[in-house]
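Protein chains: 4
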Amino acid sequence: MSKKKISIIGASGYTGGELLRWALMHPEMEVSQITSERFAGQSATKLNPNLRGFTQLAFVPVKELKTDIDAVFICTPHKAASPYVRQFWETGAKIIDLSADFRLHNKDTYAKYYQEHPAPELLDKAVYGLPELHREQIKGAKLVACAGCLATSIILPLAPLIKSKLIAPSGIIADSKIGSAAVGASFDISTHHPERSGSVRSYKPHGHRHTAEIEQELSAIAGSPISVGMTPHGIEMVRGILSTVHASLPGEAKDVDIWKAYRSFYTGSPFVRLVKDKETLYRYPEPKPLIGTNFADIGFEIDPEKKRIILMSAIDNLVKGSGGQAIQCFNLMNGFDEKMGLWMPGFHPL
Amino acid sequence: MSKKKISIIGASGYTGGELLRWALMHPEMEVSQITSERFAGQSATKLNPNLRGFTQLAFVPVKELKTDIDAVFICTPHKAASPYVRQFWETGAKIIDLSADFRLHNKDTYAKYYQEHPAPELLDKAVYGLPELHREQIKGAKLVACAGCLATSIILPLAPLIKSKLIAPSGIIADSKIGSAAVGASFDISTHHPERSGSVRSYKPHGHRHTAEIEQELSAIAGSPISVGMTPHGIEMVRGILSTVHASLPGEAKDVDIWKAYRSFYTGSPFVRLVKDKETLYRYPEPKPLIGTNFADIGFEIDPEKKRIILMSAIDNLVKGSGGQAIQCFNLMNGFDEKMGLWMPGFHPL
Amino acid sequence: MSKKKISIIGASGYTGGELLRWALMHPEMEVSQITSERFAGQSATKLNPNLRGFTQLAFVPVKELKTDIDAVFICTPHKAASPYVRQFWETGAKIIDLSADFRLHNKDTYAKYYQEHPAPELLDKAVYGLPELHREQIKGAKLVACAGCLATSIILPLAPLIKSKLIAPSGIIADSKIGSAAVGASFDISTHHPERSGSVRSYKPHGHRHTAEIEQELSAIAGSPISVGMTPHGIEMVRGILSTVHASLPGEAKDVDIWKAYRSFYTGSPFVRLVKDKETLYRYPEPKPLIGTNFADIGFEIDPEKKRIILMSAIDNLVKGSGGQAIQCFNLMNGFDEKMGLWMPGFHPL
Amino acid sequence: MSKKKISIIGASGYTGGELLRWALMHPEMEVSQITSERFAGQSATKLNPNLRGFTQLAFVPVKELKTDIDAVFICTPHKAASPYVRQFWETGAKIIDLSADFRLHNKDTYAKYYQEHPAPELLDKAVYGLPELHREQIKGAKLVACAGCLATSIILPLAPLIKSKLIAPSGIIADSKIGSAAVGASFDISTHHPERSGSVRSYKPHGHRHTAEIEQELSAIAGSPISVGMTPHGIEMVRGILSTVHASLPGEAKDVDIWKAYRSFYTGSPFVRLVKDKETLYRYPEPKPLIGTNFADIGFEIDPEKKRIILMSAIDNLVKGSGGQAIQCFNLMNGFDEKMGLWMPGFHPL
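Order-wise, the sequence lines are chains W, X, H and L. In terms of our numbering, the first sequence opens at residue 383 and continues consecutively. In terms of our numbering, the second sequence opens at residue 383 and continues consecutively. In terms of our numbering, the third sequence opens at residue 383 and continues consecutively. In terms of our numbering, the fourth sequence opens at residue 383 and continues consecutively.
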């Protein structure tokens with residue numbers, strides 16, 4: 383059987399570049415086209431020096447985009463993605479949208495956090511692209527809206543505990559630490575190295591857009607509204623997220639109960655690793671040893687005195703939070719092994 | 383009038399080195415001796431290359447320590463400090479203890495977090511060395527126990543709001559981010575550069591020792607027990623702390639009310655700066671622009687939807703969290719201007 | 383006697399901001415105006431968060447610049463500085479130009495490295511602003527052209543050895559490592575944090591503009607042409623330069639001869655420190671312990687087998703390479719102690 | 383055909399850990415044992431958190447080492463490696479020694495840089511493990527002594543130009559910049575994060591041990607003695623080396639001549655990439671985009687005015703400078719495709 387032909391729209395950003403990297407190495411993918419208006423005609427390796435020797439592809443303007451492909455990955459900003467989703471909805475191509483346009487089921491919520499929805503008629507066609515929650519729906523989907531990076535890192539540690547009703551549904555605080563690549567390839571004074579280097583900056587103490595998808599997904603699991611106060615911080619790091627999630631433990635849950643909830647929920651989820659060692663330096667999750675991989679490492683600590691639990695969750699925001707997750711969804715949509723082209727350990731030390 | 387003769391016990395660590403730096407530049411201090419057993423006979427500049435050209439001092443063993451001095455700064459680990467406090471309690475010297483030995487008033491709490499107290503008879507003689515809370519007591523004190531670095535960064539943003547009863551007394555979460563210098567000059571695999579670089583590591587998700595002094599001080603202000611869940615993280619940074627404190631806002635407090643509480647509490651506290659700009663990159667506090675200074679920058683953001691408040695507090699842990707705070711206490715104890723020898727802006731960019 | 387009134391033209395960049403920081407703390411300076419077209423009307427602390435609490439100054443457009451001042455510091459890019467130099471040449475103000483416009487005595491050399499000189503008639507009025515070489519001329523100068531940062535770090539270790547004819551005049555290689563603040567406050571993709579972080583990038587392997595001033599100054603000392611091959615690299619660092627200078631040792635010079643040459647040349651130069659310890663970690667110069675100071679640390683190692691010498695030279699490019707050097711020149715021009723307002727140790731660890 | 387059984391001696395360091403990572407992913411390797419005295423009985427993932435989910439191996443003490451294996455990789459320090467080489471010389475196993483013990487052909491040179499050679503009788507059996515120079519000999523070798531990391535980064539850019547006699551044989555300067563992982567997993571104050579972070583430190587200005595292998599290999603190519611002055615610097619980076627090599631261009635060589643020399647020499651060397659773009663940010667080699675890969679990127683710039691050439695060479699010291707190079711040698715020794723298990727692009731941004 384021949385490989386799947388895929389195209390990447392909006393391929394000149396970090397999300398597109400990362401996706402291209404994984405696609406080039408995937409045994410069942412053949413990259414047909416990558417689009418960029420600004421860099422049309424230029425080599426992909428100009429923006430992605432890591433790919434020297436791996437591709438001769440050049441960016442094409444979107445007007446030259448072919449539609450007889452097996453899958454299209456959309457890496458544009460939100461709002462700009464919707465027209466392409468509409469266009470490919472009419473073709474046989476599977477659509478993996480990495481923008482935020484189809485993550486929220488409710489157009490009013492979308493309007494509150496973004497703007498009026500540009501293609502509301504397609505909202506109920508999309509599956510939220512977090513395989514650990516929606517593996518079966520993704521397998522049958524034509525349109526998958528990949529989960530946001532911060533959302534991925536916050537939903538994964540919370541979902542099993544909310545499902546098991548081990549933690550209190552209110553007062554949840556997610557304090558996230560994220561690297562600079564999260565802003566993408568566009569720059570301003572806030573990303574200027576002398577200003578950004580060594581900073582630890584709470585750039586959006588509340589109201590971050592990913593809050594909407596976090597609450598949507600967790601509320602669905604709970605069967606009742608879950609509210610999460612989320613505060614991300616840019617820290618000195620390029621790739622990676624550590625989300626520290628603080629929640630109340632109303633009952634008498636012990637380590638073993640938490641373990642059981644996680645194990646049960648994530649059986650069959652190869653990219654979730656539970657990390658909780660006794661004594662080693664890396665006894666809790668952190669992004670450092672998983673940078674460059676599709677893993678989500680999850681750990682926790684119970685504070686019995688204060689009856690709270692501290693969850694720690696680490697991902698590489700460009701892989702499990704973006705390009706890798708998209709490939710993982712693609713694998714499921716095509717009946718491939720979920721791990722195909724993604725199964726690789728990180729580096730240590732890095 | 384002649385300068386005050388001071389000595390630094392346990393001067394070979396980062397706390398001692400930082401204190402020495404500020405003492406050498408202070409217009410009313412003359413450094414008489416610095417002690418270290420391990421480095422006895424060696425030049426201070428061997429460990430502190432920044433001081434080349436500023437001092438010829440060498441470390442002396444503690445047995446050579448002179449007692450006819452005006453003030454002694456104790457920079458040993460906890461437990462090791464108590465014997466020196468006892469010794470100098472009998473002399474005319476003012477004692478500034480930078481260890482944890484006399485921060486807690488209650489010997490049982492000390493025993494819970496550290497070990498049996500080595501000098502309980504002196505516990506009620508010590509003043510907690512956080513000038514913004516205890517300025518007047520410090521002025522008259524013979525023994526000041528300087529506040530811990532994380533404690534300083536967490537107490538300062540909370541104290542005014544607890545005093546004004548603007549925030550709920552329960553469910554307070556302090557999620558701190560701290561640089562590597564916090565561990566001091568002693569090293570192991572966890573501080574080995576390849577392992578520590580680029581990490582974001584929740585090394586003590588709950589039960590950190592500074593919790594005790596935070597709760598002691600805030601409970602005293604509230605007049606009732608305050609519980610703070612504190613989770614520090616080592617991040618890629620040498621100096622500096624950012625504490626993000628999450629609390630509930632039970633009432634209808636607006637920005638102006640919070641401002642008023644802070645302004646009123648910190649009038650006359652030159653080292654606390656309230657930071658809350660509308661649009662600039664540095665609209666919230668962060669350590670980067672205050673590294674090398676004694677400032678504590680405090681800011682906040684109200685999340686009206688979730689009825690919570692996010693407080694942000696930044697210090698240089700080696701200055702306001704250690705050596706600078708000790709000098710500030712020394713100034714007060716001697717009737718000097720609180721700012722003497724400490725009034726200096728940070729660097730930008732750094 | 384009243385303080386000197388000074389103004390800073392082009393104050394919104396890193397050079398201007400650094401100069402402002404030192405000027406605000408200088409006991410004999412009063413900052414009259416700071417100019418910026420782009421940020422006119424805005425507070426200086428908007429761009430310099432480190433100065434909160436230290437100044438209420440706002441930027442003024444250059445058309446509002448007063449000319450009855452004692453000294454003017456010009457922090458514009460090259461070419462843009464010349465008109466201001468011309469303008470203030472007619473007033474009583476001393477002029478300290480931090481741009482490159484008046485560093486080169488020869489207008490053809492200037493034309494080769496920059497463009498046609500905009501004010502050639504003033505070229506022979508300017509003194510090259512490196513106090514360690516031209517202290518006496520600077521004292522009597524009306525116009526001082528501050529040395530470039532890389533040039534400062536390369537001239538200082540070489541000058542004494544060239545004067546003493548200890549090293550060969552040809553084949554000198556200066557391999558410099560420099561922090562990101564060197565590019566100034568303007569940004570593009572090359573300074574975008576994800577691209578710049580962790581890089582070690584030879585952005586200009588040969589032909590760097592500072593080569594011209596290096597060769598001018600060293601040739602004047604030698605009395606014959608000196609050629610220096612200079613290759614700067616951006617590394618992961620915000621402030622700081624380490625220049626490693628490789629030269630041949632034609633004779634039988636020993637450590638003591640090199641020492642003697644340096645000691646003799648730099649007697650009376652308080653900001654040059656010779657660094658050469660036997661065993662300590664900081665036995666060679668490096669920028670880390672002098673960041674935030676006006677020091678230039680110089681060290682060396684003789685390779686007897688290959689008959690070469692390796693010189694190492696460290697400065698903070700924003701202080702000794704820019705704002706601090708300008709203040710040092712100002713002090714000399716006004717008959718003040720060269721160290722005034724600049725005498726301060728660095729921080730350790732930083 | 384069954385996979386090759388391999389063992390790793392001295393597997394608890396960074397070299398061993400890196401090798402283990404690649405071996406676990408190699409389609410034709412089966413890791414039989416990993417040895418460590420200190421960590422015997424403990425899981426490999428304790429030291430290598432990146433390998434969680436990829437191996438259940440635990441360290442065994444060396445006395446339990448089985449000898450009926452197909453290949454042994456020795457990752458001990460120099461001197462400690464020789465006894466194992468002797469031991470396995472008698473078995474059928476291919477030996478890949480990552481220590482320095484068998485890199486130098488001359489026992490006197492070894493004695494000068496290290497100590498008396500512990501197994502001189504085997505010196506002439508070993509092939510220097512740099513496939514780009516000795517591909518054919520490696521194919522037939524029983525004992526390969528992998529090239530040092532700095533040596534690899536300095537030999538590769540020089541060899542073709544020395545062979546083509548395009549550069550002068552004397553006065554070559556290699557100024558290298560290297561990450562902290564080069565020191566390995568053992569730590570002291572020099573690797574303590576607060577001391578090492580942000581440093582740029584010339585820790586061995588001359589006489590570095592790798593000089594010996596560089597000169598051995600280049601002299602062999604030249605047919606006459608080549609002397610290289612090598613000065614490595616630790617910079618803020620965990621993995622990676624950039625070597626900037628300065629040489630004289632005696633003739634009239636143009637870019638095209640240099641290109642030709644490189645192309646001709648490295649035809650058939652898949653891991654050497656020539657990097658020389660006109661305008662892009664990454665127009666010269668640097669480690670950042672190749673971290674985690676086995677590539678060696680080489681570039682250059684001619685300075686026609688000074689008749690010199692600047693060569694730039696980047697590798698990941700733990701891959702092409704260590705574990706990856708060992709696998710590359712293993713592939714050749716076993717008749718596998720040189721790229722097997724190693725063909726992977728880097729990450730961008732990282």
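Every residue gets a Cβ at the ideal spot worked out from N, C-alpha and C, and that includes glycine. Predicted model only: the values in this text are computed from it and were never measured.
- Classified as buried, residue 613 of chain L has 16 or more neighbouring CB atoms from the shown chains inside 10 Å of its CB.
- Between residue 391 of chain L and residue 456 of chain L, the gap from beta carbon to beta carbon is short of 8 Å.
- Within chain W, 731 have C-beta atoms less than 8 Å from the C-beta of residue 563 of chain L, given in sequence order.
- The stretch 715-722 of chain W makes contact with the stretch 507-524 of chain W; the number of CB pairs closer than 8 Å reaches 3 or more.
- DSSP places residue 510 of chain L in the strand class (E or B) of the three-state scheme.
- Excluding its 5 nearest sequence neighbours in each direction, residue 708 of chain L has C-beta neighbours in its own chain below 7 Å: 401, 455, 478, 480 and 528, listed in chain order.
- Residue 559 of chain H has H:615 and H:624 as its beta-bridge partners, per DSSP.
- CA-to-CA, the gap between residue 540 of chain W and residue 684 of chain W works out to about 14 Å.
- Distance between residue 578 of chain L and residue 664 of chain H, taken at the CA atoms: about 11 Å.
- Burial state of residue 710 of chain X is buried, judged by a 10 Å Cβ sphere holding 16 or more other Cβ atoms.
- The DSSP-derived three-state label of residue 448 of chain H is coil.
- Annotation for residue 469 of chain X: the continuous alpha helix (DSSP H) segment containing it runs 463-471.
- In the three-state reduction of the DSSP assignment, residue 679 of chain L falls in the strand class.
- Chain-ordered, the chain X residues with CB closer than 7 Å to the CB of residue 428 of chain H read 662.
- Note on residue 670 of chain W: 16 or more other CB atoms within 10 angstroms of its CB, so buried under the neighbour-count rule.
- A straight-line Cα-Cα distance of about 13 Å links residue 421 of chain H and residue 415 of chain H.
- Proximity of residue 571 of chain H to chain L, defined by a Cβ-Cβ separation below 8 Å, is satisfied.
- Measuring C-alpha to C-alpha distances from residue 499 of chain W to each of W:506, W:429, W:489 and W:511 identifies W:489 as the nearest.
- Listed by position along chain X, the residues whose Cβ is nearer than 9 Å to that of residue 580 of chain L are 620.
- Under a 10 Å Cβ-count criterion, residue 533 of chain H is classified as buried, with 16 or more other Cβ atoms of the shown protein chains found around its own Cβ.
- Counting C-beta atoms within 10 angstroms of its own C-beta, residue 449 of chain L has fewer than 16 neighbours from the protein chains shown and is therefore classed as exposed.
- Interface flag for residue 574 of chain W against chain H is set, since a Cβ pair is found closer than 8 Å.
- Residue 476 of chain H carries a strand assignment under DSSP once its states are collapsed to helix, strand and coil.
- Chain-order list of chain W residues neighbouring residue 520 of chain X: empty, with the shortest C-beta distance near 30 Å, by a criterion of under 8 Å.
- Scanning the stretch 636-674 of chain X for uninterrupted alpha helix (DSSP H) segments of 4 residues or longer gives 637-648, listed from N- to C-terminal end.
- Out of H:466, H:679, H:620 and H:464, the CA that lies nearest to the CA of residue 575 of chain H is found in H:620.
- Judged by beta-carbon spacing, residue 696 of chain X lies within the 8 Å limit of residue 668 of chain X, meaning their Cβ atoms are closer than that value.
- Where residue 453 of chain H is concerned, the enclosing beta strand (DSSP E) starts and stops at 453-456.
- A Cβ-Cβ distance of about 5 Å is found for the pair residue 694 of chain L and residue 584 of chain H, placing them in contact under the 8 Å criterion.
- For residue 609 of chain X, the residues of chain W that pass the 7 Å Cβ criterion are 688, in the order they occur in the chain.
- Annotation for residue 544 of chain H: the continuous alpha helix (DSSP H) segment containing it runs 531-545.
- The three-state reading of DSSP puts residue 694 of chain X in strand, counting E and B together.
- Out of L:651, L:647 and L:492, the CA that lies nearest to the CA of residue 590 of chain L is found in L:492.
- Of the residues assessed, residue 649 of chain W falls on the exposed side of the cut-off, its CB having fewer than 16 other CB atoms within 10 angstroms.
- Under the DSSP assignment, residue 602 of chain L falls outside any beta strand (DSSP E), being part of the alpha helix (DSSP H) whose first and last residues are 592-604.
- DSSP, read as helix, strand or coil, puts residue 433 of chain L in helix.
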